[in-house]
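As structure tokens, the structure follows; a few thoughts come after it.
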Amino acid sequence: MHFSHTMQLEYEGLSMTRIPVVAGSFYEGQSDILLKRLANSFLKGLGPGKLPEGEPGNSRKLRALVSPHAGYMYSGMPAAHSYLRLFEDGKPEHIVILGPNHTGRGGRLAVCDEDWETPLGTVKYDRQLGQQIVDQNKTAMIDCVAHSAEHSIEVQLPFLQFIFRKGLSFVPVCISDQSYEVCESIGNTLAKLGEKMDILVIASSDFTHFETAESAKKKDNQALEYLENMDPEGFLRFVRGHGLSICGAGPIAAAMIFAIQRGATEFKVLKYTNSGEVTGDKGHVVAYCAAEIL
11 MHFSHTMQLE
21 YEGLSMTRIP
31 VVAGSFYEGQ
41 SDILLKRLAN
51 SFLKGLGPGK
61 LPEGEPGNSR
71 KLRALVSPHA
81 GYMYSGMPAA
91 HSYLRLFEDG
101 KPEHIVILGP
111 NHTGRGGRLA
121 VCDEDWETPL
131 GTVKYDRQLG
141 QQIVDQNKTA
151 MIDCVAHSAE
161 HSIEVQLPFL
171 QFIFRKGLSF
181 VPVCISDQSY
191 EVCESIGNTL
201 AKLGEKMDIL
211 VIASSDFTHF
221 ETAESAKKKD
231 NQALEYLENM
241 DPEGFLRFVR
251 GHGLSICGAG
261 PIAAAMIFAI
271 QRGATEFKVL
281 KYTNSGEVTG
291 DKGHVVAYCA
301 AEIL
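Numbers in this note's numbering are just positions in the sequence shown, counted from 1, shifted up by 10.
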């Protein structure tokens with residue numbers, strides 16, 4: 011058996027472990043330095059200004075979150091807004107992370123059935139929920155190839171480990187087919203499963219890429235209006251029709267479809283910013299949005 015140099019598999023009983031592929035590039039590869047980066051993401055600059063200290067809350071009103079997935083230098087602080095809200099809301103029984111497919115590898119709706127390692131330890135694959143997703147959704151399949159070099163889901167995990175410390179499991183779903191039909195199908199599947207279990211969905215997405223800060227904000231604000239009106243189909247149609255470069259538009263739409271069926275009535279932006287706030291270059295930015303759906 012041959013593995014790519016970007017990924018290794020290790021047997022642990024009946025499970026395998028995905029080795030991180032962007033540790034040391036998107037985020038620090040050493041645990042102590044990574045912990046400092048995460049703490050600073052909460053405390054400094056564009057972050058929320060406080061740490062997730064003490065015990066997590068227990069209200070569990072959140073249905074879904076939107077979190078960016080760039081290098082932590084740029085998107086760590088906005089992402090911290092989403093994860094502070096999750097900490098304050100409480101630890102869900104089950105977590106699903108929906109991410110886009112940047113590499114073109116693998117299937118249309120790919121569930122990876124491996125445990126995932128980060129510099130902070132291992133996050134277990136939620137086998138119970140993952141198998142039910144694949145069983146109940148005709149497009150979903152067990153496929154780790156789609157995840158082998160994909161960063162959008164991996165970069166969420168250290169934040170989850172930072173706020174909840176231990177006992178974490180999740181289901182990673184990489185969406186390469188971001189048609190409304192596929193997004194609706196996975197949203198519906200998760201909503202049906204959510205009738206019997208406590209599920210939180212995290213949609214991993216950056217917003218407009220490689221435009222001026224002013225242009226990006228104008229386009230993103232128009233797209234966000236659809237989300238604030240709880241209109242995932244209109245959001246996806248607008249993004250496609252106007253050529254917006256919101257890479258995780260499909261995961262966001264799927265998360266909203268799930269959330270609406272689970273009783274959510276509000277989409278709230280927690281933080282909107284762009285890479286130019288860090289680099290000083292407002293002429294060529296990537297925009298980031300942290301948001302909650304409840």
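Beta carbons: idealized from backbone N, C-alpha and C, even for Gly.
For the beta strand (DSSP E) that T199 lies in, which residues bound it at each end?
-> DSSP places T199 in no beta strand (DSSP E) but in the uninterrupted alpha helix (DSSP H) bounded by 190-203.
Please determine, among E127, E243, T149, the residue with the shortest C-alpha to C-alpha distance to Q171.
-> When E127, E243, T149 are compared, the shortest CA-CA separation from Q171 is found for E127.
First through last residue of the beta strand (DSSP E) which encompasses F277 = 277-284
Note the first and the last residue of the continuous alpha helix (DSSP H) segment covering K134.
-> Element bounds for K134: not the alpha helix (DSSP H) but the beta strand (DSSP E), 131-135.
Note down the Cα distance separating A233 from F245, rounded to an integer number of angstroms.
-> Those two C-alpha atoms are separated by around 6 Å.
Exposure of D153, with buried meaning 16 or more beta-carbon neighbours within 10 Å | Burial call: buried.
Between the Cα of G117 and those of M240, H91, E63, H157, spot the shortest distance and give me the residue it belongs to.
-> Measuring from the Cα of G117, the nearest candidate turns out to be H157.
Where L210 falls: helix, strand or coil (DSSP) = strand
Could you spell out where the alpha helix (DSSP H) holding V249 opens and where it closes?
-> Segment 242-251, the alpha helix (DSSP H) holding V249.
Does the distance from the CB of Y298 to the CB of S85 come in under 8 Å?
-> yes
Inspect the beta-carbon positions of V313 and D216 and report whether they are closer than 8 Å.
-> Residue numbering for the chain in the displayed model covers 11 to 304; residue 313 lies beyond these limits and cannot be assessed.
Going by other Cβ atoms of all chains shown within 10 Å of its Cβ, with 16 needed for buried, is T199 buried or exposed?
-> buried
Are the stretch 105-122 and the stretch 180-195 touching by the rule of at least three beta carbon pairs closer than 8 Å?
-> yes
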